[in-house]
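Q:
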Amino acid sequence: MKKCWRWFGRRDKVTLDMIRQIGVEGVVTALHEVKNGEVWTENAIKEIKDYKERYGLCWSVVESLPVSEPIKYGGPERDALIENYKTSLANLGKAGIKTVCYNFMPVIDWIRTDLKYKQPDGSTTLYFDKAKFAYFDCRILNRKGAESDYSAEELQAVEELGHTMTAAGRDALIDAVILKTQGFVNGNIAENERNPIERFNEMLALYRGVDTTQLRNNLKIFLEAVMPVCDEYDINLCIHPDDPPYPVLGLPRIVGCDEDMEWILNAVDNPHNGLTLCAGSLSANPKNDVAAMAAKYADRIHFVHMRSTEVEPSGNFKEASHLAGRGCLLDVARVFERVKPDVPMRVDHGKEILDDSMMGYNPGYSFHGRMLALGQVEGLMAAARDELSRGFYSL
Ligand code: DNO
């Protein structure tokens, strides 16, 4: 696998000067300052590409070229927005960028309830607490009918949280779920949004009546429209799994399990319609066998995210060490080192260790934590390559 690193542009506190010292071979980035739905111009693409090249680093993967909401819910602006998407893709193609990651999650991208969950060793990690999320849904968003999506135990936990939750605790939850995590990944809501709840509820309302079948149809319409551009420029488009990989807030989510992947690949059977194998997102569903998915779909996987989670019996989960947890990253490395050794890969969601917490890095995108993870993953890759050179493999 090719060792890449997600970089959020010039405002990222992890600079290109830092990452070129730690063995990174390629950069994963996006035009973060361009609003969702607007065209990525040839000039803007060239400017950022040249900037990276001045540091001796190439732009390996776009993450993400965001798909705007009307494309996902099928609004009247869909056709015009798809045209913009095609123009952006063509402009990337002209610049020689061949791997583009995106997702198709309605309204909300990745979700965590705690961004600094304390570990016994003093580091912090990201955490998803189901009861807190249910509280957010039922008591903060006050979503109509939300209660029917939760079990009696979960509703009981919401009730209990209602007695102990402080105003600061509520604010921290809103900050984690809506502002911080969405803000820096080209989400719909900016980090400085003054009325996040109102804005969020308006967005949820756009999806009234959109179920799994409808969302799948809308993905198919999108893919069929953009594939000719991908074919012309040989661009591999690769959809990122849903995180967490199941429906939330009454919204359908369609990239969470093996059956979903199969559906997507068959719906538009073109090698440029591919997947991002995010071992972390997929591992949060105890039914998913991540390494088996990697082996099964390797020919259509164009980008890999190496991270892992530990899932508790309640379904709560946290980021695990890259050497542990349900992601089984050694097996994932075994698959790709054997069948796709050049696939771009980045580590994801490192812990905050040492002075990371003081540096203002984006949640999950610490420097030291991710650097440690990259070192661990390099070790896994070396082990997998060593096995191969001795002629044995298990997956
Ligand atoms: C979270 C990331 C996601 C991912 C997008 C891809 O940290 O893995 O935000 O970049 O879903 O579109």
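Numbering (my numbering), first residue to last: 810 to 1204.
Ideal Cβ positions, reconstructed from N, Cα and C, are used throughout, including at glycine.
Any heavy atom of the ligand DNO closer than 7 Å to the Cβ of ASP1157?
A: Within the sequence shown, residue 1157 is the residue found at index 348, counting from 1. Because some heavy atom of the ligand DNO lies under 7 Å away, the Cβ of ASP1157 counts as near it: yes.
Q: Taking just the CA atoms, how far does LEU1058 sit from GLY954?
A: Locating residue 954 in the sequence shown gives position 145, where the first residue counts as 1. Locating residue 1058 in the sequence shown gives position 249, where the first residue counts as 1. Taking the straight line joining both Cα atoms gives about 10 Å.
Q: Is the beta carbon of TYR1055 sitting closer than 8 Å to the one on ASN1010?
A: Numbered from its first residue, the sequence shown carries residue 1055 at position 246. Numbered from its first residue, the sequence shown carries residue 1010 at position 201. No, Cβ-Cβ distance for TYR1055 and ASN1010 is not below 8 Å.
Q: Would you say ASN912 touches the ligand DNO, meaning its beta carbon is less than 7 Å from a heavy atom?
A: Here the question's residue 912 lines up with position 103 in the sequence shown. Flag set: Cβ of ASN912 near the ligand DNO.
Q: Which residues share a DSSP beta bridge with GLU1128?
A: Here residue 1128 corresponds to residue number 319 of the sequence shown, with the count starting at 1. DSSP, once it has assigned bridges, lists THR1118 as partnering GLU1128.
Q: Should MET1154 and LYS811 be called a contact, given that it needs their Cβ atoms to be closer than 8 Å?
A: One-based indexing of the sequence shown puts residue 1154 at position 345. One-based indexing of the sequence shown puts residue 811 at position 2. In contact: MET1154 and LYS811 (Cβ atoms closer than 8 Å).
Q: If you compare alpha carbons, which of THR1022, ALA1193, VAL871 and ASN893 is closest to LYS858?
A: Taking the first residue of the sequence shown as 1, we reach residue 858 at position 49. Closest by alpha carbon: VAL871.
Q: Would you call the stretch 971-989 and the stretch 1018-1038 touching, i.e. three or more CB-CB distances under 8 Å?
A: Result no; under three Cβ-Cβ pairs closer than 8 Å.
Q: For the pair the stretch 1073-1084 and the stretch 920-934, tell me if three or more CB-CB distances fall below 8 Å.
A: As far as the Cβ criterion goes, the stretch 1073-1084 does not touch the stretch 920-934, which means the pair count is below three.
Q: Which stretch, first to last residue, makes up the alpha helix (DSSP H) that contains LYS927?
A: Looking up residue 927 in the sequence shown gives position 118. Not the alpha helix (DSSP H): LYS927 falls in the beta strand (DSSP E), residues 923-927.
Q: Relative to the C-alpha of ARG948, which residue among GLY971, GLN965 and LEU935 is closest?
A: Reading the sequence shown from its first residue, position 139 is the one you call residue 948. When only C-alpha atoms are compared, the closest one is GLY971.
Q: Distance check for ASP1140 and ALA1101, CA to CA, integer angstroms please.
A: As a first step, residue 1101 is located in the sequence shown; it is residue number 292 there, counting from the start. As a first step, residue 1140 is located in the sequence shown; it is residue number 331 there, counting from the start. Cα to Cα, ALA1101 sits roughly 9 Å from ASP1140.
Q: Among LEU1183, LEU898 and TYR959, which residue has its Cα nearest to the Cα of PHE945?
A: The residue given as residue 945 occupies position 136 in the sequence shown. Cα-wise, what sits closest to PHE945 is TYR959.
Q: Reducing DSSP to helix, strand and coil, say where GLY1083 ends up.
A: Residue mapping note: residue 1083 aligns to position 274 of the sequence shown, counting from 1. Reduced to three states, the DSSP call for GLY1083 is strand.
Q: Once you ignore the five residues that flank ARG952 on each side, which residues in its own chain have a CB closer than 6 Å to its CB?
A: On the sequence shown, position 143 is the one that residue 952 refers to. The residues are ASP946.
Q: Between SER1117 and the ligand DNO, is there a pair consisting of the residue's CB and a ligand heavy atom that are separated by less than 7 Å?
A: Counting from 1 along the sequence shown, the entry for residue 1117 is found at position 308. No, the beta carbon of SER1117 sits no closer than 7 Å to any heavy atom of the ligand DNO.
Q: Between the stretch 914-924 and the stretch 981-999, do three or more beta carbon pairs fall short of 8 Å?
A: Taking 8 Å as the limit for Cβ pairs, the verdict is that the stretch 981-999 does touch the stretch 914-924.
Q: Let me know if PHE1201 comes out buried or exposed under the rule of 16 or more other beta-carbons within 10 Å of its beta-carbon.
A: By one-based count along the sequence shown, residue 1201 stands at place 392. Exposed.
Q: Here's the rule: buried if 16 or more other CB atoms are within 10 angstroms of the residue's CB, otherwise exposed. What is ASN997?
A: Taking the sequence shown and counting its residues from 1, one reaches residue 997 at position 188. Buried, because 16 or more other Cβ atoms sit within 10 Å of the Cβ of ASN997.
Q: Would the beta-carbon of LEU898 fall within 8 Å of that of VAL1035?
A: Working through the sequence shown from its first residue, we reach residue 898 at position 89. Working through the sequence shown from its first residue, we reach residue 1035 at position 226. For LEU898 and VAL1035, yes; Cβs fall inside 8 Å.
Q: Excluding sequence positions up to five away, which residues of its chain have a Cβ less than 8 Å from the Cβ of ALA1192?
A: In the sequence shown, the residue the question calls residue 1192 occupies position 383. If we look at ALA1192 and ignore the five residues flanking it on each side, its Cβ neighbours are LEU1139 and ALA1142.
Q: Quick check on DSSP: helix, strand or coil for GLU1161?
A: For the purposes of this step, residue 1161 is taken as the residue at position 352 of the sequence shown. Three-state DSSP puts GLU1161 in a strand.
Q: Output needed for THR908: all residues of its chain with C-beta closer than 8 Å, excluding positions within five of it in sequence on either side, in chain order.
A: Translated into positions along the sequence shown, residue 908 becomes position 99. Correct list, in chain order: SER869, VAL870, VAL871, ILE1044, ASN1045, CYS1047, HIS1111, PHE1112 and PRO1153.
Q: Based on the DSSP output, what are the partners of TYR1016 in its beta bridges?
A: Reading the sequence shown from its first residue, position 207 is the one you call residue 1016. In DSSP, TYR1016 forms no bridge with anything.
Q: Could I get the ranges of all uninterrupted beta strand (DSSP E) runs contained in the stretch 828-897, with 3 residues as the minimum, in chain order?
A: Runs found: 835-838 and 867-872.
Q: So, does the stretch 888-905 touch the stretch 835-849, judging by three or more C-beta pairs under 8 Å?
A: Counting Cβ pairs under 8 Å, three or more are found: they touch.
Q: Beta-carbon within less than 7 Å of LYS939's beta-carbon, same chain only, minus the 5 sequence neighbours each way: which residues are those?
A: What you label residue 939 is simply residue 130 of the sequence shown in a count that begins at 1. So the list reads GLU963, SER1123, GLY1124 and ASN1125, once near-sequence residues are dropped.
Q: Who are ARG1135's beta bridge partners in DSSP?
A: Within the sequence shown, residue 1135 is the residue found at index 326, counting from 1. None; ARG1135 has no bridge partner.
Q: Just how far apart, CA to CA, sit GLU892 and GLU886?
A: Taking the first residue of the sequence shown as 1, we reach residue 892 at position 83. Taking the first residue of the sequence shown as 1, we reach residue 886 at position 77. Computed Cα separation, rounded: 10 Å.
Q: Name the two residues that bound the continuous beta strand (DSSP E) containing ASN1047.
A: By 1-based counting over the sequence shown, the position of residue 1047 is 238. In the sequence as displayed, the identity of residue 1047 is Cys instead of Asn. Element bounds for CYS1047: 1045-1048.
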